[in-house]
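Peer 1: Line by line, the protein sequences are chains W and G.
First residue of the first sequence? That's 1 in the numbering used here, and the numbers climb one at a time after it.
First residue of the second sequence? That's 124 in the numbering used here, and the numbers climb one at a time after it.
For every residue, glycine included, the Cβ atom is placed at its ideal position computed from N, Cα and C.
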Amino acid sequence: QVQLQESGPGLVKPSQTLSLTCTVSGGSITNNNYFWSWIRQHPGKGLEWIGYIYYTGAAYYNPSLESRGSISVDTSKNQFSLKLWSVTAADTALYYCAREVIVPVDADGFDIWGQGTMVTVSP
Amino acid sequence: EIVMTQSPATLSVSPGERATLSCRASQSVSNDLAWYQQTPGQAPRLLIYGASTRAAGIPVRFSGSGSGTEFTLTISSLQSEDSAIYFCQHYNNQPLIFGGGTTVEIK
């Protein structure tokens, strides 16, 4: 059974870089049926899709990040990572990694999620 | 960017009764819509994809309908464990957008 696990610092200072890693276990990140996404949830709020990456390294980002984000993949470690630069208090959120089904094309949706990791931006 | 609007914000339903949740897209998303359930302290769980197909292991009391811009999630006979926040999400194009959520409370 595929599982996702986020890891990274829980506290980041304003203007610095937020770095998180998602480790995929129980399956290969190179499976061509999936995209691998980062999603965040501000405290008490809804869900915001940050972006996704394919195992080839092709990535797409939510324009709301204003080009502050980057997602990378390390197939040798079965991991994908998020970097968010120049963070502010508005980036304080619960960050999830999730798997999106892309094949079959009519079975889309985020079917597997990590447990989430809280990141607080504070001096 | 497509805007997803959910209503009502909160729904209070008695056990065994039907709960009907709505999701509206600002433009057509065809049937590229998913529903998720989030209970306190947990990650969201995929309930429905393709607007009406239940994900694996989801009880039959959950059903989805609609296409284009208007979608509905129905819980036919509410159970206590269904108390949660429910989100819709389109995947018709990028960026992928979630609705603001509907909180279902047990009356």
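Are the beta-carbon atoms belonging to Ala178/G and Asp111/W less than 9 Å from one another?
Peer 2: Along the second sequence, read from residue 1 onward, the residue named residue 178/G stands at position 55. Along the first sequence, read from residue 1 onward, the residue named residue 111/W stands at position 111. Contact: yes.
Peer 1: Does Ala132/G come out as helix, strand or coil in the three-state DSSP assignment?
Peer 2: Locating residue 132/G in the second sequence gives position 9, counting from the first residue. If DSSP states are grouped into helix, strand and coil, Ala132/G belongs with coil.
Peer 1: Smallest Cα separation from Ser72/W: which of Glu6/W, Asn62/W, Leu65/W and Thr56/W?
Peer 2: Numbered from its first residue, the first sequence carries residue 72/W at position 72. The shortest C-alpha separation from Ser72/W is found at Thr56/W.
Peer 1: So that I know if they touch, is there some Cβ in chain W lying closer than 9 Å to that of Asp205/G?
Peer 2: For the purposes of this step, residue 205/G is taken as residue 82 along the second sequence, with counting starting at 1. So, not an interface residue.
Peer 1: Could you tell me which chain G residues have their CB closer than 8 Å to the CB of Gly46/W, listed as they occur along the chain?
Peer 2: What you label residue 46/W is simply residue 46 of the first sequence in a count that begins at 1. Those within 8 Å of Gly46/W in chain G are Phe210, Phe221, Gly222, Gly223 and Gly224.
Peer 1: Helix or strand or just coil, what does DSSP make of Ser64/W?
Peer 2: Here residue 64/W refers to the residue found at position 64 when the first sequence is read from its first residue. Here Ser64/W sits in helix by DSSP.
Peer 1: Closer than 8 Å by C-beta to Pro14/W: which residues in its own chain qualify, once you throw out the five before and the five after it? Chain order, please.
Peer 2: Locating residue 14/W in the first sequence gives position 14, where the first residue counts as 1. Same-chain partners within the cutoff: Val87, Thr88, Ala89, Val121, Ser122 and Pro123.
Peer 1: Give, in chain order, every unbroken run of the beta strand (DSSP E) that is at least 3 residues long and sits entirely within the segment 7-74 of chain W.
Peer 2: Segments of the beta strand (DSSP E) lying fully in the segment 7-74 of chain W: 18-25, 34-41, 47-53, 59-61 and 69-74.
Peer 1: Under a Cβ-count criterion, where at least 16 other Cβ atoms within 10 Å of its own Cβ denotes burial, should Thr225/G be classed as buried or exposed?
Peer 2: For the purposes of this step, residue 225/G is taken as the residue at position 102 of the second sequence. Thr225/G should be labelled buried.
Peer 1: Could you tell me which uninterrupted beta strand (DSSP E) segments, each at least 3 residues in length, are contained entirely in the segment 199-229 of chain G, listed from first to last along the chain?
Peer 2: The segment 199-229 of chain G contains these whole beta strand (DSSP E) runs: 207-213 and 225-229.
Peer 1: Would you kindly work out how many angstroms separate the C-alpha atoms of Gly180/G and Gly109/W, rounded to a whole number?
Peer 2: Position 57 of the second sequence, counting from 1, holds the residue named residue 180/G. Position 109 of the first sequence, counting from 1, holds the residue named residue 109/W. Near 15 Å, if we compare the C-alpha coordinates of Gly109/W and Gly180/G.
Peer 1: What residues match up with Ile112/W in a beta bridge as DSSP calls it?
Peer 2: The residue given as residue 112/W occupies position 112 in the first sequence. Arg99/W, per the DSSP bridge assignment.
Peer 1: Closest Cβ-Cβ distance between Ala93/W and chain G: below 9 Å?
Peer 2: Along the first sequence, one-based indexing puts residue 93/W at 93. Chain G contact via Cβ: absent.
Peer 1: Mapping DSSP to helix, strand and coil, what is Ala157/G?
Peer 2: Taking the second sequence and counting its residues from 1, one reaches residue 157/G at position 34. If DSSP states are grouped into helix, strand and coil, Ala157/G belongs with the strands.
Peer 1: In three-state terms, what does DSSP make of Ala124/W?
Peer 2: This structure leaves residue 124/W out entirely; chain W is present only between 1 and 123.
Peer 1: Please report whether the beta-carbon of Gly8/W lies at a distance below 9 Å from any beta-carbon of chain G.
Peer 2: Taking the first sequence and counting its residues from 1, the one referred to as residue 8/W is at position 8. For Gly8/W, the answer is no, since every Cβ of chain G falls outside 9 Å of its Cβ.
Peer 1: Would you say Gln115/W reaches chain G, if we count a Cβ-Cβ gap shorter than 9 Å as a contact?
Peer 2: The count along the first sequence starts at 1 and reaches residue 115/W at position 115. Answer yes: the Cβ-Cβ gap between Gln115/W and chain G drops below 9 Å somewhere.
Peer 1: Hey, is the segment 129-138 of chain G in contact with the segment 75-82 of chain W, meaning 3+ C-beta pairs nearer than 8 Å?
Peer 2: The segment 129-138 of chain G vs the segment 75-82 of chain W: no contact.
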